[in-house]
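Colleague: Could you have a look at this structure, given as structure tokens, before my questions?
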Amino acid sequence: MDILKDIISLGTCVYKQCETMQDCKKQCQRLRSRIQGLLQPLQRLQAQGERNLSTEMTTALSTFQAVLKEAKKQVDDFSNKSYVHKILTSRKDKRLFKDVNRRLNDVLKELSLLLQVYPWVPSSSINQEARWEQEDQQDAEEDWQVFQSLTGSENIEASLEQLKNDVKKIMEANMKKIIETSSHYVQNLMKRVSEYQIKEIKKEELSESDWILQRENEFSKVFKGKYHQSPVAIKVFNNVQAKNIGSTFYLFFQ
């Protein structure tokens, strides 16, 4: 009975996984349906509390358990979109569960014969092989068509996303260059301004009519004026007696 419990638990886990698969849904749903169909008579057998299982039945159940483990492994693998894409594009046969389905069909035949000794347990028909192959091929073709259409759309989206990232990188690189160039330009400009913002201008080069008084004290007055149409600050000293121009510069920068 423990093996029945283990198989039912494992089988339930696998067909629930099949329900959540995003790719190749036809084949996954078909696998789910077949596993569920094989589990139903075993669940009935378990519910009846059958404990005296024959050696042949135990062997068949062990085989079924091994197939379910392989099915779970493949379902886990095929839940990865990249892996599915690699498999589908690298081989001509698009049937993902070909070997698992073949082995499940063998289990179905064997269990159908062995379950005949339990008249209260319904069993599936053993003439399934030809129909299964036809179903598998049709499911694979439909899944492949869907996969191609989705992959085409995803490729376009991926290309657009890549283009967006490339443009972003180019803009970031250009912006960095612009900032560096601007910073260099501003530094040079500030250097030039700092060198030339204060200079001696001849009085006749200035029009006193444009002067606007800004502030004054006992030593000087500061006006706002224009020099070649550019605003300048004009400092006029009161009663300057010094003949040494160096002294005048000293007072000017105070």
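If you count the sequence shown from 1, position 233 lands on 233 in UniProt numbering, and the numbers rise without skipping.
All residues carry an ideal CB built from backbone N, CA and C; glycine is no exception.
This one's a predicted model, so the numbers in the text were calculated from it and none came from an experiment.
1) Mapping the DSSP letters down to three states, classify Q214 as helix, strand or coil.
2) Might you give, ordered along the chain, the residues of its own chain that have their beta carbon closer than 6 Å to the beta carbon of G11, omitting 5 neighbours on each side?
3) With a Cβ-Cβ cutoff of 9 Å, do K221 and K235 count as a contact?
4) Let's see if you can read the secondary structure: which residues bound the alpha helix (DSSP H) around I3?
5) Tell me whether Y227 sits in a helix, a strand or coil according to DSSP, three-state version.
6) Give me the DSSP bridge partner(s) of K221.
7) Given this structure, state the Cα-to-Cα distance separating R131 from N101, to the nearest angstrom.
8) Counting Cβ pairs, one atom from each stretch, are 3 or more of them under 8 Å apart for the segment 16-33 and the segment 138-146?
9) Under 6 Å Cβ to Cβ from M57, same chain only, skipping five residues before and after it: list those, please.
10) Buried or exposed for D76, going by 16 or more other Cβ atoms inside 10 Å?
11) Please report how far the alpha carbon of D23 lies from the alpha carbon of Q145, in whole angstroms.
12) Please check the pair L88 and K94, which I expect to be a contact at CB under 8 Å, by giving their CB distance rounded to whole angstroms.
13) Hey, L96 and Q74 are a contact pair by Cβ (cut 8 Å); roughly how many whole angstroms apart?
14) Which residues mark the beginning and the end of the alpha helix (DSSP H) in which V117 is found?
15) Could you pull the start and end residues of the alpha helix (DSSP H) that G37 belongs to?
16) Helix, strand or coil for E208, going by three-state DSSP, please let me know.
17) How many whole angstroms separate the CB atoms of A60 and E110, which I take to be in contact at a CB cut-off of 8 Å?
18) Quick check on this structure: which residue in K5, A71, A47, P41 has the alpha carbon closest to the alpha carbon of Q17?
19) Ends of the alpha helix (DSSP H) at S90?
20) In angstroms with no decimal places, state the Cα-to-Cα distance between M171 and E180.
21) Label Y83 either buried or exposed according to how many other C-beta atoms from any shown protein chain fall within 10 Å of its C-beta, with 16 as the threshold for buried.
22) If you reduce the DSSP assignment to three classes, tell me which class residue 255 lands in.
23) Alpha helix (DSSP H) containing E50: first to last residue?
24) Would you mind stating whether E208 and Y227 have Cβ atoms separated by less than 9 Å?
25) Comparing alpha-carbon positions, which option in L45, D143, K98 lies nearest Q116?
Modeller: Let me lay it out:
1) Along the sequence shown, one-based indexing puts residue 214 at 214. Here Q214 sits in strand by DSSP.
2) Numbered from 1 along the sequence shown, position 11 holds the residue referred to as residue 11. Once the five neighbours on either side are set aside, the close Cβ partners of G11 are I35, L39, L68.
3) Looking up residue 221 in the sequence shown gives position 221. Looking up residue 235 in the sequence shown gives position 235. Yes; because the gap between Cβ atoms is below 9 Å, this pair is in contact.
4) For this step, residue 3 is matched to residue 3 along the sequence shown. First-last of the alpha helix (DSSP H) with I3: 2-20.
5) Within the sequence shown, the letter at position 227 stands for residue 227. Note: Y227 maps to strand in three-state DSSP.
6) Here residue 221 refers to the residue found at position 221 when the sequence shown is read from its first residue. In the DSSP output, where bridge partners are listed per residue, K221 has E216, V236.
7) Residue mapping note: residue 131 aligns to position 131 of the sequence shown, counting from 1. Residue mapping note: residue 101 aligns to position 101 of the sequence shown, counting from 1. Approximately 12 Å, taken between the alpha carbons.
8) yes
9) As a first step, residue 57 is located in the sequence shown; it is residue number 57 there, counting from the start. Answer for M57: L114, listed in chain order.
10) Mapped onto the sequence shown, residue 76 falls at position 76. It counts as exposed.
11) The residue labelled residue 23 in the question sits at position 23 within the sequence shown. The residue labelled residue 145 in the question sits at position 145 within the sequence shown. Approximately 11 Å between the Cα atoms of the pair.
12) By 1-based counting over the sequence shown, the position of residue 88 is 88. By 1-based counting over the sequence shown, the position of residue 94 is 94. Contact holds; Cβ gap of about 6 Å.
13) Taking the sequence shown and counting its residues from 1, the one referred to as residue 96 is at position 96. Taking the sequence shown and counting its residues from 1, the one referred to as residue 74 is at position 74. At roughly 7 Å, the Cβ-Cβ gap stays under 8 Å, so L96 and Q74 are in contact.
14) As a working note, residue 117 is residue 117 in the sequence shown. No alpha helix (DSSP H) contains V117, which DSSP labels as neither H nor E.
15) Within the sequence shown, residue 37 is the residue found at index 37, counting from 1. Where G37 is concerned, the enclosing alpha helix (DSSP H) stretches over 25-47.
16) Within the sequence shown, numbered from 1, the residue matching residue 208 stands at position 208. In this structure, E208 counts as helix in the three-state DSSP scheme.
17) In the sequence shown, the residue the question calls residue 60 occupies position 60. In the sequence shown, the residue the question calls residue 110 occupies position 110. The Cβ separation is near 5 Å, so the contact holds.
18) As a working note, residue 17 is residue 17 in the sequence shown. Cα-wise, what sits closest to Q17 is A71.
19) By 1-based counting over the sequence shown, the position of residue 90 is 90. Start and end: 81-90.
20) As a first step, residue 171 must be located in the sequence shown, where it is residue number 171. As a first step, residue 180 must be located in the sequence shown, where it is residue number 180. So the alpha carbons of these two residues sit roughly 14 Å apart.
21) Here residue 83 is taken as the residue at index 83 of the sequence shown, counted from 1. With fewer than 16 Cβ atoms within 10 Å of its Cβ, Y83 is classed as exposed.
22) An answer regarding residue 255 cannot be provided, because it is not within the stretch 1 to 254 covered by the chain.
23) Taking the first residue of the sequence shown as 1, we reach residue 50 at position 50. Here E50 belongs to no alpha helix (DSSP H), and DSSP marks it neither H nor E.
24) Residue 208 sits at position 208 when you count from the first residue of the sequence shown. Residue 227 sits at position 227 when you count from the first residue of the sequence shown. The answer is no: Cβ separation not under 9 Å.
25) Along the sequence shown, read from residue 1 onward, the residue named residue 116 stands at position 116. When only C-alpha atoms are compared, the closest one is L45.
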